[in-house]
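Novice: Under this note's numbering, the first residue of the sequence shown is numbered -1, with each subsequent residue one higher.
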Amino acid sequence: MTKFVIIILALLAFSGASAADQTPKGIVDQLFAGMLAGDGAAISALVVEGAKLDRLQKDGTLKHGDFTGWIKWVDTQEAGDANEQIFSVKTLQMSPELATVWAPFELTYKGKLVGCGVNHFTLAKSNDGWRILYGIDMPHDGDCATFRTNFAG
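#1: Is there contact between the stretch 35 to 43 and the stretch 71 to 78, where contact requires at least three CB pairs shorter than 8 angstroms?
#2: What does DSSP give as the partner residues of serine 124 in its beta bridges?
#3: Which residue spans inside the stretch 20 to 92 form an unbroken beta strand (DSSP E) run of at least 3?
#4: Kindly give me the distance between the Cβ atoms of proline 102 and valine 116, rounded to whole angstroms, as I take these residues to be in contact under 8 angstroms.
#5: Looking at C-alpha atoms only, which residue of Phe145, Leu60, Ala39 and Gly140 is the closest neighbour of tryptophan 71?
#6: Pick from Ser86, Leu54, Lys50 and Glu82: whose alpha carbon is nearest that of tyrosine 107?
#7: Helix, strand or coil, according to DSSP, for threonine 144 in the structure here?
#8: Straight-line CA distance for glycine 63 to aspartate 52?
#9: Under a Cβ-count criterion, where at least 16 other Cβ atoms within 10 Å of its own Cβ denotes burial, should alanine 150 be classed as buried or exposed?
#10: Give the straight-line distance between the Cα atoms of phenylalanine 30 and serine 42, rounded to the nearest whole angstrom.
#11: Out of Gly140, Phe119, Pro137 and Asp141, point me to the one whose CA is closest to leucine 131's CA.
#12: Which residue's Cα is closest to the Cα of cysteine 142: Asn125, Ile134 and Lys110?
#13: If you draw a straight line from the C-alpha of aspartate 57 to the C-alpha of isoleucine 134, how long is it?
#14: So for glycine 133, helix, strand or coil by DSSP?
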């Protein structure tokens, strides 16, 4: 029953306004709704072609990647398996055509908390609306069970 509710909520997120009508934060919300639904095509519609997706490792090294690889992985997941819950999301800077979104997260996989950290996205607005140009995340080097409390208030 829980998976059914999750799937319905994810589908409702996709049925809202088009990308052209969205805010940068709304695009990031849709990105993770696509992940939850296991729908790589929905994610592809939110990022520019060739968009990079990097990870700042706990040791300070940068692991380079791209959205294409992550989208392929998302497409292998069943709806509800990969749930990256973002919270305390903030649009840090925004001009008419460029924005930066900060999104702390907790990641559960098949119901088990497996990680947490912070996402950072750069978005640009074109005639088609807001799209993600770049993403980077950094895993939290500590207890994910209490991570969310760092962002209370």
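C-beta: ideal position from N, C-alpha, C; glycine also.
Note that the structure is predicted; figures quoted are calculated from it, not measured.
Specialist: Looking at the coordinates:
#1: yes
#2: Partner residues in the beta bridge of serine 124, as assigned by DSSP, are Gly127.
#3: 45 to 54, 80 to 84 and 88 to 92
#4: 5 angstroms
#5: Ala39
#6: Cα-wise, what sits closest to tyrosine 107 is Glu82.
#7: Per DSSP, reduced to three states, the secondary structure at threonine 144 is coil, with no helix or strand assignment.
#8: 5 angstroms
#9: exposed
#10: 12 angstroms
#11: Phe119
#12: Lys110
#13: 15 angstroms
#14: strand
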